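K.L.:
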Amino acid sequence: MAEPCNQCGRCCLHMRRYMVIERSIGESHHFCHFTLTKERFFAQIGGDDLVRFRDRESMSRYPDSCPFLRPRENEGFCCTIYSSRPEHCRRFFCA
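For the sequence shown, position 9 (counting from the first letter as 1) is numbered 24 according to my numbering, and the numbering increases by one without interruption.
(1) Along the beta strand (DSSP E) that carries S39, what are the first and last residues, could you check?
(2) Any idea if R87 is buried or exposed, counting beta-carbon neighbours within 10 angstroms, 16 or more meaning buried?
(3) In three-state terms, what does DSSP make of R85?
(4) DSSP state of R25, grouped into three classes?
(5) Is DSSP giving R55 helix, strand or coil here?
(6) Evaluate P101 with the Cβ neighbour count: other Cβ atoms within 10 Å of its Cβ, from every protein chain shown; 16 or more gives buried, anything less gives exposed.
Written out as structure tokens, the structure is:
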């Protein structure tokens, strides 16, 4: 049986090539294309996630990661678009 997300980030650390931000409206609204499944979706970032998303330093530390993945302060990662993530991500379960 699949396990719930433990926020390890392994599933997203190599997704940069599939997650394309096509257009942004400010910092918190993004029209995206998940090329692996051809899904187009609207991503919204709010609250503490917006503060994390502004941390561009993590992009240089994890250049292949999904552009919405950010490291947590202590350990693990968080998805800054968790509530509006694409269907592929919603269906993924840790093995």
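C-beta: ideal position from N, C-alpha, C; glycine also. These numbers were taken from a predicted model, which means no experiment stands behind them.
P.N.:
Result, derived from the coordinates:
(1) Reading the sequence shown from its first residue, position 24 is the one you call residue 39. Per DSSP, S39 belongs to the beta strand (DSSP E) from 34–40.
(2) The residue given as residue 87 occupies position 72 in the sequence shown. Exposed.
(3) For the purposes of this step, residue 85 is taken as residue 70 along the sequence shown, with counting starting at 1. It is a strand residue.
(4) For this step, residue 25 is matched to residue 10 along the sequence shown. R25 falls in the coil class under three-state DSSP.
(5) Taking the first residue of the sequence shown as position 1, residue 55 is located at position 40. Correct three-state label for R55: strand.
(6) Residue 101 sits at position 86 when you count from the first residue of the sequence shown. So P101 counts as buried.
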